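Protein chains in written order, with this note's numbering: chain A, -18 to 202; chain B, 152 to 347. What follows is a set of notes on a single structure, which appears directly below.
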């Protein structure tokens, strides 16, 4: 059911999401319509923070938190929000959760907060969060919206972790700071932790996703 | 970081610290709107303008309102509100006074609110503790750098339409890999000036 939706564009895309019942929503968010690899949303942060696996995991957690929180509140308020100002209301809700996460990070995990720098704040403009609020939470009851938020955040976090894993592995030969590829026979490819490596890794990941899923029917226009 | 002149920051923001190719900001519209050169030029111009103006506005608000009032932790919500309001204002202004420009730029303006390059530039400005002139230089340079990158990319993608790309790599993946090559080319500028 959920597969029968039209090609998705930036944030208006998944509006026709119909099969939204629990598990189906979960599968849809995490795999069929994976926000990062299939819908190509929110790639800014996916590229910027994935130079280390640890950063990727924290960023994934941040997105799950913000996505669940904002979806819940947008959904709770969906009958009270006038249509014309819904965008600004959504942005305000999202920004609130981002500020919460930023303050938490600063209080308990200062090093990471320094490393992620502006990219925590940039979750506000991450199209995934806005897209889910707009496309899903506005039409669905709170519980389902929470599941949807979690599923999309999870789908994003997994792809982020994959990219982070390979970039750290090939870029430094280490995982979480432990040497995996011994420097005796492996010369770390610095390029992988620099900017070009990020583009390259994401390109490959999306291509692999495409290859596994097979050719998309929507391309045969 | 307080003694670098605005000109150096301007050049660094365009070439060595290109906001798109080294900081990955504004990727969504970069991928979505780099199909044609004309579109890329329009979007690039609009981003440059909004980026310069909002950096100035946010600098003023941050240092004149948020810091004295001790509300620095609210910077995200204030910045995004300023950006959204400014974009809305520009849209109304342009529509009223220059309909031709409105039709050229119009459709891109709402997109800009969610362009992370705009918010990112304001946040970098705060994190790197720029002065006012430095912020203006950085905002303008970041905009020009972004426009440069998207226009280059549009040119490349127009050529790529004629090449035979393996099925799974069509569209976005190949765009990413080309961007990777572009970013490598820009790394060649790295020794020239650097800001961090």
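The beta carbon of each residue, even a glycine, is placed where N, CA and C say it ideally should be. Computed from a predicted structure; not experimentally measured.
Residue range of the alpha helix (DSSP H) that includes residue i
i, result
"residue 284 of chain B", "283 to 311"
"residue 122 of chain A", "Run containing residue 122 of chain A: none; DSSP gives neither H nor E here."
"residue 9 of chain A", "Neither: residue 9 of chain A is in no alpha helix (DSSP H) and is coded neither H nor E."
"residue 335 of chain B", "323 to 338"
"residue 71 of chain A", "67 to 89"
"residue 37 of chain A", "34 to 57"
"residue 16 of chain A", "First-last for residue 16 of chain A: undefined, no H or E at that position."
"residue 194 of chain A", "176 to 194"
Buried/exposed call for residue i, threshold 16 Cβ in 10 Å
i, result
"residue 144 of chain A", "buried"
"residue 158 of chain A", "exposed"
"residue 165 of chain A", "exposed"
"residue 88 of chain A", "exposed"
"residue 317 of chain B", "exposed"
"residue 65 of chain A", "exposed"
"residue 284 of chain B", "exposed"
"residue 260 of chain B", "buried"
"residue 72 of chain A", "buried"
"residue 158 of chain B", "exposed"
"residue 178 of chain B", "buried"
"residue 122 of chain A", "exposed"
"residue 299 of chain B", "buried"
"residue 33 of chain A", "buried"
"residue 314 of chain B", "exposed"
"residue 226 of chain B", "buried"
"residue 54 of chain A", "buried"
Backbone CA spacing between residue i and residue j [nearest angstrom]
i, j, result
"residue 94 of chain A", "residue 248 of chain B", "44 Å"
"residue 160 of chain B", "residue 323 of chain B", "32 Å"
"residue 208 of chain A", "residue 51 of chain A", "The question about residue 208 of chain A has no answer here: the residues shown for chain A are numbered -18 through 202."
"residue 333 of chain B", "residue 305 of chain B", "12 Å"
"residue 217 of chain B", "residue 101 of chain A", "19 Å"
"residue -5 of chain A", "residue 297 of chain B", "Its pLDDT being 43, under 50, residue -5 of chain A is placed unreliably by the model, and the measurement read from it follows with that caveat. Residue -5 of chain A and residue 297 of chain B: Cα-Cα distance of roughly 29 Å."
"residue 20 of chain A", "residue 268 of chain B", "20 Å"
"residue 245 of chain B", "residue 236 of chain B", "14 Å"
"residue 39 of chain A", "residue 330 of chain B", "26 Å"
"residue 311 of chain B", "residue 156 of chain B", "40 Å"
"residue 337 of chain B", "residue 31 of chain A", "20 Å"
"residue 221 of chain B", "residue 28 of chain A", "33 Å"
Whether residue i touches residue j by CB criterion (8 Å)
i, j, result
"residue 147 of chain A", "residue 188 of chain A", "no"
"residue 327 of chain B", "residue 184 of chain A", "yes"
"residue 199 of chain B", "residue 294 of chain B", "yes"
"residue 105 of chain A", "residue 16 of chain A", "no"
"residue 126 of chain A", "residue 56 of chain A", "yes"
"residue 201 of chain B", "residue 238 of chain B", "yes"
"residue 137 of chain A", "residue 154 of chain A", "no"
"residue 162 of chain B", "residue 292 of chain B", "yes"
"residue 234 of chain B", "residue 206 of chain B", "no"
"residue 41 of chain A", "residue 118 of chain A", "no"
"residue 185 of chain B", "residue 301 of chain B", "yes"
message = Going residue by residue through the stretch 241 to 275 of chain B, where are the continuous alpha helix (DSSP H) segments of at least 4 residues, counting only ones entirely within it?
response = Those alpha helix (DSSP H) runs which fall completely within the stretch 241 to 275 of chain B and span 4+ residues are 250 to 256 and 259 to 264.
message = List, from N- to C-terminal side, the alpha helix (DSSP H) runs of 4 residues or more that fit wholly inside the stretch 93 to 163 of chain A.
response = As far as the stretch 93 to 163 of chain A is concerned, its whole alpha helix (DSSP H) runs of at least 4 residues are 108 to 113 and 123 to 153.
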